[in-house]
Amino acid sequence: MLFWRKRVKNAAPIEATLDDIRKAVLRYEDEMPDSVNRLTLVQTDGSLDLSRLTRYLGGVSERKFYVSRETFEIFTEEDRHIPYYLDLVQLAVDDYVNETGKLPLKPNSNDQEVDYRVLVQGRYLTEIPPIKLYITGQEMMLSHRAPLAGNLTAARSIEPIVPEARA
Numbered sequence: 003m004l005f006w007r008k009r010v011k012n013a014a015p016i017e018a019t020l021d022d023i024r025k026a027v028l029r030y031e032d033e034m035p036d037s038v039n040r041l042t043l044v045q046t047d048g049s050l051d052l053s054r055l056t057r058y059l060g061g062v063s064e065r066k067f068y069v070s071r072e073t074f075e076i077f078t079e080e081d082r083h084i085p086y087y088l089d090l091v092q093l094a095v096d097d098y099v100n101e102t103g104k105l106p107l108k109p110n111s112n113d114q115e116v117d118y119r120v121l122v123q124g125r126y127l128t129e130i131p132p133i134k135l136y137i138t139g140q141e142m143m144l145s146h147r148a149p150l151a152g153n154l155t156a157a158r159s160i161e162p163i164v165p166e167a168r169a
């Protein structure tokens with residue numbers, strides 16, 4: 003009995019930029035059903051499965067790219083440590099806000115920098131990241147980039163929940 007196999011062409015290696023990868027991921031998401039998002043591209047080590055993006059890129063990238071599972075931000079291999087800390091701190095910030103109703107910001111911080119000390123003391127975080135992270139006005143998501151002065155209003159407008167005084 004003969005089995006006919008479709009020959010799979012090995013895609014040519016290409017030099018893809020971060021912008022190329024972002025565009026390919028967006029095109030991938032546009033063509034997939036609504037229930038499928040970019041997390042289907044994330045491998046266990048946090049890197050993107052670039053073999054699924056070959057038809058959008060025209061080949062397989064020789065470089066690895068990493069993605070944050072919480073913020074969906076894509077990073078180059080040189081910045082592969084950033085998504086790990088983004089995910090770790092984003093979960094801690096979400097838990098902290100849900101339980102206390104406050105944002106864990108450094109005192110007198112004009113740039114919305116996350117106060118790791120508060121998160122460690124509350125046992126929301128077990129290790130302190132070596133990078134600064136900031137809360138953005140966009141759904142209280144974290145970023146490794148300091149926000150611009152005009153973009154601080156949305157996150158600052160969140161009022162902390164203050165327990166009522168007992169009589």
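Per my numbering, residue 3 is the first one in the sequence shown, and the count goes up by one each step.
Each residue gets a CB set at the ideal place from its N, CA and C atoms; glycine is no exception.
Distance between beta carbons of Thr78 and Thr65, contact taken as under 8 Å
The residue you asked about is not Thr; residue 65 is Arg in the sequence shown. Distance from Arg65 to Thr78 at the Cβ level is roughly 7 Å; contact confirmed, criterion being Cβ atoms closer than 8 Å.
Just tell me which of Ala94, Arg71 and Asp21 has its CA closest to the CA of Glu129.
Of the listed residues, the one whose Cα sits closest to Glu129 is Ala94.
Between the alpha carbons of Gly61 and Met34, how many angstroms are there, rounded?
Going by the C-alpha atoms only, they are around 20 Å apart.
Anyone know if the C-beta pair for His146 and Ile133 falls short of 8 Å?
With respect to Ile133, His146 sits close: the two C-beta atoms are nearer than 8 Å.
Among the residues of its own chain, which have a CB less than 7 Å from the CB of Pro15, if the five just before and after it don't count?
If we look at Pro15 and ignore the five residues flanking it on each side, its Cβ neighbours are Gly61, Val62 and Glu64.
Residue-level contact to chain D via CB, Glu101, 8 Å cutoff:
Among the chains in the structure shown there is no chain D, since it carries only a single protein chain.
Taking the alpha-carbon positions, what's the Lys104 to Val122 distance?
About 15 Å.
Measuring straight from C-alpha to C-alpha, what distance separates Ile76 and Ser70?
When only Cα atoms are considered, Ile76 and Ser70 end up about 7 Å apart.
Closest residue to Tyr126 among Thr102, Lys108, Pro149 and Asn110 (Cα-Cα distance):
Answer by Cα proximity: Thr102.
Going along the chain, which residues of its own chain have a beta-carbon closer than 6 Å to the beta-carbon of Arg82, five neighbours each way excluded?
Around Arg82: Tyr68.
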